[in-house]
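A.B. asks:
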Amino acid sequence: EVQLVETGGGLVQPGRSLKLSCVASGFTFNNYWMSWTRQAPGKGLEWVASITNSGGSTYYPDSVKGRFTISRDNAQNTLYLQMNSLRSEDTATYYCTRDHYGGYEDYWGQGVMVTVSS
Amino acid sequence: DIQMTQSPASLSASLGETVTIECRASEDIYNGLAWYQQKPGKSPQLLIYNANSLHTGVPSRFSGSGSGTQYSLKINSLQSEDVASYFCQQYYDYNTFGAGTKLELK
């Protein structure tokens with residue numbers, strides 16, 4: 136059974152940093168691209184970052200480019216999202232997803248809440 | 088950037104009814120479209136990929152169709168467990184989601 140478990144969320148002040156982790160199990164982690172997608176309270180879904188199975192390439196939308204960094208440790212079956220210079224508009228539930236080669240997200244974690252507020 | 092316009096924003100239907108939700112892309116996305124279901128308080132779950140392929144374990148009352156810029160999700164014989172929000176996603180050019188459709192029972 137595919138499982139994705141996110142940790143690292145919480146309350147953080149604007150301008151500060153936070154790092155999310157996602158531990159994967161139930162599949163061969165280094166065979167799959169992985170992504171982060173977020174959902175602001177009561178709002179829709181927004182893609183945040185993707186990384187190839189080797190970790191050699193990463194992709195971001197303009198809204199987080201230069202502030203967020205996605206990375207992975209294939210030996211530890213773990214995906215990361217380093218978030219710097221956080222803004223109030225980054226407040227959301229962040230989901231770790233298994234990505235079908237840069238396409239659709241076929242499995243989602245339970246999500247972790249990040250609140251950016253003073 | 089490709090924009091996704093999803094309609095309707097909300098929908099009320101009766102048990103057993105057939106429901107259709109639509110998504111329009113701002114340019115041709117060549118069937119690079121997925122549909123997700125999100126029940127209250129839960130994470131999204133994949134229903135359909137490549138516009139018309141049913142994900143593993145998804146009931147056959149769900150189906151997807153479309154091409155070019157116009158796509159739709161149909162739910163036949165609506166069940167109580169289908170009460171949820173539904174989102175489309177284009178993945179032809181990076182990723183963009185529709186704003187969602189909230190489906191309720193009448």
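Chain order of the listed sequences is D and H.
Reading the first sequence from the start, the letters are residues 136 to 253 in the numbering used here.
Reading the second sequence from the start, the letters are residues 88 to 193 in the numbering used here.
All residues carry an ideal CB built from backbone N, CA and C; glycine is no exception.
#1: Flag this pair as yes or no: are the beta carbons of D/SER229 and D/VAL249 separated by less than 9 Å?
#2: From the DSSP output, read off the bridge partner residues of H/ARG111.
#3: With D/LEU155 and D/GLU141 assumed to form a contact (beta carbons below 8 Å), what rounded beta-carbon distance in angstroms separates them?
#4: Could you tell me whether the Cβ of D/GLU181 comes closer than 9 Å to any Cβ of chain H?
#5: Kindly indicate if chain D contains any beta-carbon less than 9 Å away from that of H/ASN137.
#6: Can you list the beta strand (DSSP E) stretches of 3 or more residues lying completely in the stretch 147 to 191 of chain H, in chain order?
#7: By the 8 Å beta-carbon criterion, what residues does the stretch 155 to 180 of chain H contribute toward chain D?
#8: For H/LEU192, is the classification buried or exposed, using 16 other Cβ atoms within 10 angstroms of its Cβ as the cut-off for buried?
#9: Consider the Cβ of H/ALA100: report whether some Cβ of chain D lies at a distance smaller than 9 Å.
#10: Going along the stretch 180 to 193 of chain H in order, which residues come within less than 9 Å of chain D, judged by CB to CB distance?
#11: Roughly how many angstroms lie between the CA atoms of D/ASN165 and D/ASP234, to the nearest whole one?
#12: Is H/TYR173 closer than 9 Å to H/GLY187 when the C-beta atoms are compared?
#13: Can you tell me the Cα-Cα spacing of H/ASN182 and D/VAL183, whole angstroms?
C.D. replies: The structure says:
#1: It should be pointed out that residue 229 of chain D corresponds to Tyr in this sequence rather than to Ser. With contacts defined by Cβ atoms closer than 9 Å, D/TYR229 and D/VAL249 form a contacting pair.
#2: Per DSSP, H/THR92 and H/GLN157.
#3: Rounded, the Cβ-Cβ distance is 6 Å, consistent with contact.
#4: So, interface residue.
#5: Interface residue, yes.
#6: With a minimum length of 3 residues, the continuous beta strand (DSSP E) runs that stay inside the stretch 147 to 191 of chain H are 149 to 154, 157 to 162 and 171 to 177.
#7: The stretch 155 to 180 of chain H vs chain D, Cβ under 8 Å: PHE174, GLN176 and TYR178.
#8: By the neighbour-count definition (other C-beta atoms within 10 Å, threshold 16), H/LEU192 is an exposed residue.
#9: Any Cβ of chain D closer than 9 Å to the Cβ of H/ALA100 would place that residue at the interface, and such an atom is absent.
#10: Correct list: TYR181, ASN182, THR183, PHE184, GLY185, ALA186 and GLY187.
#11: One Cα belongs to D/ASN165, the other to D/ASP234, and the distance between them is close to 12 Å.
#12: Annotated as proximal: H/GLY187 and H/TYR173, with beta-carbon spacing under 9 Å.
#13: So the alpha carbons of these two residues sit roughly 9 Å apart.
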